[in-house]
Structures are given as C-alpha cells and as structure tokens.
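Colleague: My questions all concern the structure below.
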Amino acid sequence: MKSLKINCGWVALAAAGCFAGPGASVSDGNARAVMTVTRPGALRGYELKSSAALRDNRPAGKQVDFSETAGHAVLRSGSAMFDGLYALAVHEARQNSVSEIKDGAYGNGAAIQLDAFQTGESWTYVWTRDLAYSVDLALGGFDPKRAVSSLLFKTSGLKDLVSGGFENQIIQDTGSGGSWPVSTDRVVWALGARETLNYLSGEERDAFLKRIYPILRDTIELDRILVFDPADGLYRGEQSFLDWREQTCPGWTKDNVVPIALSKALSVNVLNCYLLSTASECAARMNAPEESARYARWAADLKTAVNQHFYDPEAGLYSTCLLSDGFCSVRANRYDLLGVSLAILLDVADAAQAKRIIENVPVGPHGPPVVWPQERAVPIYHNQAIWPFVTAYWTRAARKAGNAEAVNRGIRSLERLAALNLSNMENFDFISGLAEVRDKDLNGPVVNSRRQLWSVAGYLSMVQDVVFGLETSWEGIRFQPFVTAQLCRETFGTNDVVELRNFPYRGTRNSVRVHLPSVGPQAAGACTVQSVMLNGKTTGGEFIAADGLSPVNRWDIILQAPQSESGSVRIVDPSDERMLYGPAQPVWQDLTTAAGRPVLRFRHPDPAGVSFSIYRDGKPVATGVRQTTWTDEISVGLHSYAVGAVDLKSGTASHLTPFRRWRAEGGERVIPARVMKNRGGNLVADHHFENWGKPADELVIESFTVERDGRVALCAEFANGSGPVNTGITCAVKKIEVLESGSNSVAASGYLVMPQSGSWTRWDRSPPVIVQLAAGKKYTLRIREDVFSRNMSYLKQNARYTSWSGGGDGGYNYVNIAAIHIEPLSGR
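Sequential numbering from 1 applies to the sequence shown in the numbering used here.
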C-alpha cells in the first residue's frame, strides 16, 4: 500500500498550469478531446477542446471554457480531464438552475417564475421523470432547496369541480394516449423525494416530510384502484422513460395505445416497489402505523410478483415488459438497461441475480445501449442509443454487484462521451458513439440536447456515488469508495490521493480523501476499504449523523490493493447486424378453424433465417417452429394466440404479433348504443353517443343476462378524439358497474380506460373489465363517473395546459360510446 502521507504533486502541477500531460486527453480512436487548466489555484478555470464531429456543429469553435465555483464541490485526482469533466458537470448543473421555466404546451409558452432545475439547453421546462431521476442521481444534494421547489411543482391538488377521492397527486406529464393511466411512471417522483429528504434536516426536513407523505399516499391509493391488477399483483402502464412507442414497442402500438395501457413494465413495477417502501417509512415517521404496515406488505408482495413474472432465468435478465390483451400476458424477449439497473439498486433483485444481470447486459465499444436488441427500421433515439443517465444507473448497479469491469466501462463511457462532445448530451448512437448520425439507413438521435439535466446528474453520480462511494440515508452520510485497478492506473496514475473537496451535506462541508494503494500492471478488480477516519478518528464505516459532523470535515479512507476478480461483461460487436438487430416481427394472415382446431397462419420476410415461437394464453406451447402455418391440438375453450420470431444465428427475438383470440363455440354479445338509456350526450345516427362524459352523465343498459356462470369480459367500443395518440392529458376514464336488476346492489364493477386516438370516428375497444356473473340472472349495466374516474385534466396544475383539451378550470373526460361488448370467458 502507498504511504498515507499527502501527495502534493498535483499542487505543483496546478501552480505551473501544466496539465497537458497524462490524464489531460481522451480519444475514441477517431477524435480527441484535450482538457487544459487555464487558471490554477483552489478554484480552477478549464478549457476543453475536441476534434469530434459535434451535434449541429455547436459550438462552432469546438471549445468550451468554464470555471469551478465557490460553494460547490471540486475534484482533485491527478487527471486534468477527470477533474475538469466533474467541474463541467457542476457548471452545467448551475446553468440548469433557473428562476423561470416555460413550455409551449402550458400557458401558450408564457414563463413561470420558479426556482427550479430545467431539463436542458433545449428543454426549458420541468418534467416529472427527468427531474426525479436527476434529483435521485445527484441534484438532491447539489441544491436541496431547488430540488424541493422543483419536486413540489410536479404535484397537484384537484380542480375545484372535484370533491372527495385522493386529492394529492403526483403529475403524470403529457404522454401516450392522453397520459395517465396509460403512462404510469409518475411514481418515479418518490426516488427524487426520498433522496432530497436525506439532504434536509431539522424543521426543513419535517416540513417536507409532512408535504410529501399525503402525496405519496394518495397517489398509491388512486393507482391501486385504476392501475393495479390483482390478478397477477402488478401495475399496468407504459415503460418509464421509454415512452416513444414505435422506438421500443411492437409496431402495431404506434397508433393504438390500448395495448400499452394493458401492458406491465418492469421499470414501473420496480419503481412502485420503491414508492410503497418509501411511503411505509414515511408513514411510520408520521405516526401512521397501520398505513406503514399496509404499504410494507404491498411492497413485499409486489417484489415477489416482479421476480415471478419478469425475471428470465435463461437470459439472466429481467424482461422489459409483459405484453397483454387483458386476458393473458406474455413476457417479452426484450431487455432495458434502466429497468434492470433499478431492479438491482432498489433491492428487487437479490445478490445472485444482480451478479448475473450485470454480466449479461450487452456492452459495445462506447457503452451499453438502453434497449436490447435493436430494430432495423426505427430511427435512433431510444432504439440503438446510449443515454448517459441510464449508463450512470448501470454503473451504480455494477458497483453494488461488485463488478469492476462493468464499472470501468461505465466510467469510460461517461467520460469519453462528455469530453468529445464538450457537454453532457442527452443521448448517442450506440454504434458510432456520435451525438448525430446522418446519411445512414438509421439517422439520429432524432432529438438531442446539450447539458441534459439527467446526463449532468449522471456524471456527478458516477464520481460521487461510485468512485467516492457516497451514500446517504435518513440517519446520515458515509463514503465507501469503489476504485478499480484500471482507474488507478489509467486515470489517477502516480497519485497517492484523490480528493473530493467541499462536498455539502446538511450545512456541513466535507473533504473526502481516498488514499490509493500501489496497483501492479496485471491487477484487476476493485480496491477494498481498509479503514475510514473522520477528522482524525477511526470510524467503523457506519452512517455518521449530521450532529456528529463538524462544520468542516475531513474524511480519510485508506484502500488496499484489489483482492477479487474484476468480473465480466457481455461484449457485443455492433458490426454484427444479426446480433445487434432483432428479426422482423411475424405478421398475421389469419386464425381459422380446421377439424375443430385452431390454425394459425402468418408470414415473415426471412422465413429461412428464423424459427417461430407460438404462445397460447401467455404460455409458449411451441418453439423452433419452421413453417408459417401451425395447428394447435386443442379443440375446446377460448384462447389467445401470439407469434414471435427467433433469429437462428444470434438467438435474438422479434416483437410479438398482436394477440388474436379463438373460440371453439359461442361468442360475444354486442349491445349497441341505441338501446342504452342516456343522461347527457346525444345519440348520433343510431350508432353512438357524442358530447357525452360530463361528471353527471350516465349510460344504462337496463337488462341483460349471461348463459353460463363464470367470468365475463366487458369492453366499451369507443372513440376519443380529444387529442393525438402521442400526447395530451385526456385519456377517458369511466366506472362500469353491474347491478342486480331491480336494486342498487353492485354485483361487480371496474373502470374503463379509453385512450386518445386523435379521431372521434375511429372505433377502438377498451381494455376489458373482467367480472364474475351468474347464469340466467338479470343484471343492469351502468357507465358513469365517480370520484376516482378521472385523468390528468382534473389536476389544478394542468389548468395552464393549452396545447389540447383539458386545460382551464374544468376536467375533460369526454368519450364517444358506440357499444358494450360482453364476452364470456368460459374455457380459460
């Protein structure tokens, strides 16, 4: 081990201004970036130059200048590049710390006065998921007060037209099919809120806890009614962050998001585990023991369900989603980096799973892609892309799993991409590492921004949370560095000490000095912590409470040479197209009956290069099928079928076809609008009700029966033209009740979710509401609005929304109804 003495070599170099030597440049083989210290001293000035092709040729001079700032942490590692890029991230975090925000969808673009974090150079607003991930990664500690104001801006009470229900809600931003409850990842807000609590103290923390607990509680309770599926114990809704459907979902969801509303995403369910655990902790601190126990129980049950339904032991990864038609679900052979990283970090995966996941994530020369495999015909954005904030989460997960090789690759990716592009960009092409690819079969990323907030936070997190091992909790703070042998050799060089200076924590300032061991040329793995000293006294590595800290603190952490293996990662060659891209999705021709059995016919552009997997009722019933016609042996019941293709060379899988249902006998009953009794709206052409959906409006089918006891699916045939498929806040939500005829006794009920489609005359079927009914008994069916039948237009914060319907003082829950489909589910 190197001596504990202070190594002042970097001080002399800084005084001389000569950081043009080792550690001052990075290269990807085609371009080079050089970092120069232009002003030495306690607070340095830097110049960063790059020869790389830059997005939009900005800055034209291929150079940025920036300085360290009093009041913010600085890094001293012996590497001008490593120190300077940390300073660049701090600089860009300061640039994103604004006093006003604006977005064209709100208030016709008028500014809102708010001390907040804006999302990036090109994005001058605050969105729930971008903010929450950024605050969790680093910005909760960077500026806790600004984190508080930003987070609370993304919450809302209800407009005055609503009374009752759960009034304190996290905002789901505009999104697929009119936002929530199609998009449901607003729960990520809990990540940012919980991390911010760790940096507050005293009355500030107590006040914030009192503000956020009702928000957490009410969001949980409303989602439990409208988003949770008790059949499998999972939450429905679109994947977190991967919210551009044609980028990562089957192509048939591009213009119809009903399948998205029915699907269950890994990331959303993992985040709900965290939300529930956080709410349980907060409830205990708010002296609400019954709520605390309930949320803890729900969190444990959800963790079990996630592992049961999402984990793919053959791939050693969690699947990104379960595709569903409302009757059954199929685990997609698709994997997303954010979802698996969060599963590790939020303790859904156990240690053995975490180790396998990190070993099985594909990694290219520029870093890991956010989804796997890629799609040939989809432009670069989420498809075929690296997103630094997701890389940062993966690097943190690799640290937790003890995989030094993955940590090395994560650090290298974040460092090189930021340096060569002179900014913490939003995203990059997975193949080339460029922020902009033109004149190729796939161009993009189609959208990109400099100093993207979560990319900035991700870089800070890599340095603080991984290299220096920063950990915070309600109780206090500690540092458990994860310094690899490769990092010692290639970045820190001959330095004995790396230091994070002036790190703020609950009114204190902390300098963290990590003392490095001697590392031989063949050493691998991560250094281990030998001892930790705080202000000259040895600690046991436990969390140190704020009242145990001095106003100014010095941490000395002594590392030993690596004593474990480096770990492995799955290296992929982006030039191997068969490995990079999944095969094309099969396309249905028909599903017919022959000799009483279902016959599936489908086509594929490369039938000789793939085999087919057949799924019945969510389970694979045939694999390795080489023909495009397949006959099932079953001859009774009602069944759902889907087909996927598998590349014979690489083993990568396609997206699935849409589900198709086959019934041996019987069928559904369709009750048209013309036989319904209405309150509100008007019947048009004896076909459907228009201008229907005010809070007091109602549709009633006075009497119907079913022929058999058992489960029955109720679907609405609807049109929702209140906004386009890809944005808005007016997904229609109505309650459907089955009453025992002649009384108001409710036999069964549920909620109809009817997303925007951009047209009032395009007819879709809602996700089914499945109820248990008795044969021959007379029922009345009623569709109406209750206190839980609402969408994001009911939130006060959305009164300023001006792009589509839903703004102003009222809620907007209109939908055209043409029929109700009643389908018996016998045989399932």
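A virtual CB, placed ideally from N, CA and C, is assigned to each residue, including glycine.
When you compare the CB positions of ARG409 and VAL371, do they come within less than 8 angstroms of one another, or not?
Modeller: Indexing the sequence shown from 1 puts residue 409 at position 409. Indexing the sequence shown from 1 puts residue 371 at position 371. Against a cut-off of 8 angstroms, the Cβ pair of VAL371 and ARG409 comes out as no contact.
Colleague: Could you compute how far the alpha carbon of VAL646 sits from the alpha carbon of ARG661?
Modeller: On the sequence shown, position 646 is the one that residue 646 refers to. On the sequence shown, position 661 is the one that residue 661 refers to. When only Cα atoms are considered, VAL646 and ARG661 end up about 23 angstroms apart.
Colleague: Determine, using beta-carbon pairs with one atom in the region 103-113 and one in the region 134-141, whether at least three such pairs fall under 8 angstroms.
Modeller: no
Colleague: Express the C-alpha separation of VAL182 and SER176 in angstroms, rounding to a whole number.
Modeller: Counting from one through the sequence shown, the residue named residue 176 turns up at place 176. Counting from one through the sequence shown, the residue named residue 182 turns up at place 182. C-alpha separation (whole angstroms): 7 angstroms.
Colleague: Among all the DSSP beta bridges, which residues are the ones paired with ALA265?
Modeller: As a first step, residue 265 is located in the sequence shown; it is residue number 265 there, counting from the start. Partner(s): CYS321.
Colleague: Where do the N-terminal and C-terminal ends of the alpha helix (DSSP H) with LEU580 fall, by residue?
Modeller: Within the sequence shown, the letter at position 580 stands for residue 580. Unbroken alpha helix (DSSP H) run through LEU580: 577-580.
Colleague: If we ignore side chains and look at the alpha-carbon of each, how far apart do ARG451 and TYR393 end up?
Modeller: Position 451 of the sequence shown, counting from 1, holds the residue named residue 451. Position 393 of the sequence shown, counting from 1, holds the residue named residue 393. Roughly 18 angstroms between the two C-alpha positions.
Colleague: Measuring straight from C-alpha to C-alpha, what distance separates ALA524 and LEU714?
Modeller: Translated into the one-based positions of the sequence shown, residue 524 becomes position 524. Translated into the one-based positions of the sequence shown, residue 714 becomes position 714. Whole-angstrom Cα-Cα distance: 60 angstroms.
Colleague: Distance check for VAL519 and ALA561, CA to CA, integer angstroms please.
Modeller: Residue 561 sits at position 561 when you count from the first residue of the sequence shown. Residue 519 sits at position 519 when you count from the first residue of the sequence shown. Each residue's Cα considered, the two are about 6 angstroms apart.
Colleague: Give me the residue from PRO214, ARG236, ASP617 and LEU302 with the minimum Cα distance to ALA288.
Modeller: The residue labelled residue 288 in the question sits at position 288 within the sequence shown. The shortest C-alpha separation from ALA288 is found at PRO214.
Colleague: If we count the other Cβ atoms within 10 Å of its Cβ and call it buried at 16 or more, is GLN118 buried or exposed?
Modeller: Reading the sequence shown from its first residue, position 118 is the one you call residue 118. Flag for GLN118 reads buried.
Colleague: What residues in its chain sit with their C-beta under 6 angstroms from that of ALA457, if we drop five residues either side in the sequence?
Modeller: On the sequence shown, residue 457 is found 457 positions in, with the first residue counted as 1. The residues are SER134, LEU137, ALA138 and LEU139.
Colleague: Exposed or buried, which one is THR395 when buried takes at least 16 other CB atoms within 10 Å?
Modeller: Within the sequence shown, the letter at position 395 stands for residue 395. Buried is the call here.
Colleague: Answer with buried or exposed for ARG626, where buried requires no fewer than 16 other C-beta atoms within 10 angstroms of its C-beta.
Modeller: Here residue 626 corresponds to residue number 626 of the sequence shown, with the count starting at 1. Looking at its Cβ environment, which holds fewer than 16 other Cβ atoms inside 10 Å, ARG626 is exposed.
Colleague: Taking C-alpha atoms, which residue in GLY78, ALA42, ALA53 and ALA818 lies nearest to ARG489?
Modeller: In the sequence shown, counting from the first residue as 1, residue 489 sits at position 489. When each option's Cα is compared against that of ARG489, the closest is GLY78.
Colleague: So is ARG438 buried or exposed if we call it buried at 16+ other beta carbons inside 10 Å?
Modeller: Taking the first residue of the sequence shown as position 1, residue 438 is located at position 438. Per the 10 Å Cβ criterion, exposed.
Colleague: Distance check for SER319 and ASP218, CA to CA, integer angstroms please.
Modeller: For the purposes of this step, residue 218 is taken as residue 218 along the sequence shown, with counting starting at 1. For the purposes of this step, residue 319 is taken as residue 319 along the sequence shown, with counting starting at 1. Using only the alpha carbons, I get a separation of about 29 angstroms.
Colleague: Taking the alpha carbon of ILE386 as the point to measure from, which residue in PHE468, GLU702 and LEU242 has its own alpha carbon closest?
Modeller: Residue 386 sits at position 386 when you count from the first residue of the sequence shown. Comparing Cα-Cα distances from ILE386 to each of PHE468, GLU702 and LEU242, the minimum goes to LEU242.
Colleague: Which residue's Cα is closest to the Cα of SER826: PRO59, ARG708, ALA774 and GLY750?
Modeller: For this step, residue 826 is matched to residue 826 along the sequence shown. Among PRO59, ARG708, ALA774 and GLY750, the Cα nearest to that of SER826 belongs to ARG708.
Colleague: For PRO882, count neighbouring C-beta atoms within 10 Å of its own C-beta (all shown protein chains included) and say buried if the count is 16 or more, exposed if not.
Modeller: Past the edges of the chain, shown from 1 to 828, lies residue 882, and the structure says nothing about it.
Colleague: Considering just the uninterrupted stretch of the alpha helix (DSSP H) at GLU100, what are its terminal residues?
Modeller: In the sequence shown, residue 100 corresponds to position 100, counting from 1. Careful: GLU100 lies outside any alpha helix (DSSP H), inside the beta strand (DSSP E) at 97-101.
Colleague: Quick one: grab the DSSP three-state call for ALA818.
Modeller: Start at 1 with the first residue of the sequence shown, and residue 818 comes out as number 818. If DSSP states are grouped into helix, strand and coil, ALA818 belongs with the strands.
Colleague: Thinking C-alpha only, which one of ASP28, LEU54, ALA31 and LEU580 is nearest GLU436?
Modeller: Within the sequence shown, numbered from 1, the residue matching residue 436 stands at position 436. GLU436 has its Cα closest to that of LEU54, out of ASP28, LEU54, ALA31 and LEU580.
Colleague: Give the single residue among ALA116, GLY681 and ARG509 whose Cα lies nearest to the Cα of VAL700.
Modeller: The count along the sequence shown starts at 1 and reaches residue 700 at position 700. With distances taken between Cα atoms, VAL700 lies closest to GLY681.
Colleague: Under 8 angstroms, do LEU487 and ILE380 count as touching if we go by C-beta distance?
Modeller: As a first step, residue 487 must be located in the sequence shown, where it is residue number 487. As a first step, residue 380 must be located in the sequence shown, where it is residue number 380. No, the pair does not count as a contact, with Cβ atoms beyond the cut-off.
Colleague: Determine the direct distance from the alpha carbon of GLU68 to that of VAL11, and round the result to whole angstroms.
Modeller: The residue labelled residue 11 in the question sits at position 11 within the sequence shown. The residue labelled residue 68 in the question sits at position 68 within the sequence shown. Below a pLDDT of 50, predicted positions are generally treated as unreliable, and VAL11, at 30, falls in that range; the measurement from the model is reported next regardless. The alpha-carbon atoms of VAL11 and GLU68 are separated by roughly 16 angstroms.
Colleague: Does the Cβ of GLU565 have 16 or more other Cβ atoms within 10 Å, making it buried, or fewer, making it exposed?
Modeller: Counting from one through the sequence shown, the residue named residue 565 turns up at place 565. By the 16-neighbour rule on beta-carbons within 10 angstroms, GLU565 is exposed.
Colleague: For GLY157, tell me which candidate among PRO824, ALA193 and LEU216 has the shortest Cα-Cα distance.
Modeller: Numbered from its first residue, the sequence shown carries residue 157 at position 157. Closest by alpha carbon: LEU216.
Colleague: Give me the Cα-Cα distance between ARG331 and TYR311, rounded to the nearest whole angstrom.
Modeller: The sequence position of residue 331 within the sequence shown is 331, counting from 1. The sequence position of residue 311 within the sequence shown is 311, counting from 1. Going by C-alpha positions, ARG331 is about 9 angstroms away from TYR311.
Colleague: Here's the rule I'm using: 16 or more other beta-carbon atoms within 10 Å means buried, otherwise exposed. How should SER840 be labelled?
Modeller: Outside the shown range of the chain (1 to 828) lies residue 840, about which nothing can therefore be said.
Colleague: Do ALA716 and ARG762 have their CB atoms nearer than 8 angstroms?
Modeller: As a position in the sequence shown, residue 716 is number 716, starting the count at 1. As a position in the sequence shown, residue 762 is number 762, starting the count at 1. Not in contact: ALA716 and ARG762 (Cβ atoms no closer than 8 angstroms).
Colleague: SER461 and ASN198: beta carbons closer than 8 angstroms?
Modeller: As a working mapping, residue 461 is identified with position 461 in the sequence shown. As a working mapping, residue 198 is identified with position 198 in the sequence shown. No.
Colleague: If you compare alpha carbons, which of GLN797, VAL753, GLU405 and THR657 is closest to VAL363?
Modeller: Here residue 363 is taken as the residue at index 363 of the sequence shown, counted from 1. Out of GLN797, VAL753, GLU405 and THR657, GLU405 has the C-alpha closest to the C-alpha of VAL363.
Colleague: Touch check for the region 522-537 and the region 344-363: three-plus C-beta pairs under 8 angstroms?
Modeller: no
Colleague: Quick check: the region 769-777 against the region 143-153, are there 3 or more CB pairs under 8 angstroms?
Modeller: no
Colleague: Considering only C-alpha positions, which residue in the set GLU499, GLY644 and PHE492 is nearest to HIS604?
Modeller: For this step, residue 604 is matched to residue 604 along the sequence shown. Taking only the C-alpha atoms, the option nearest HIS604 is GLY644.
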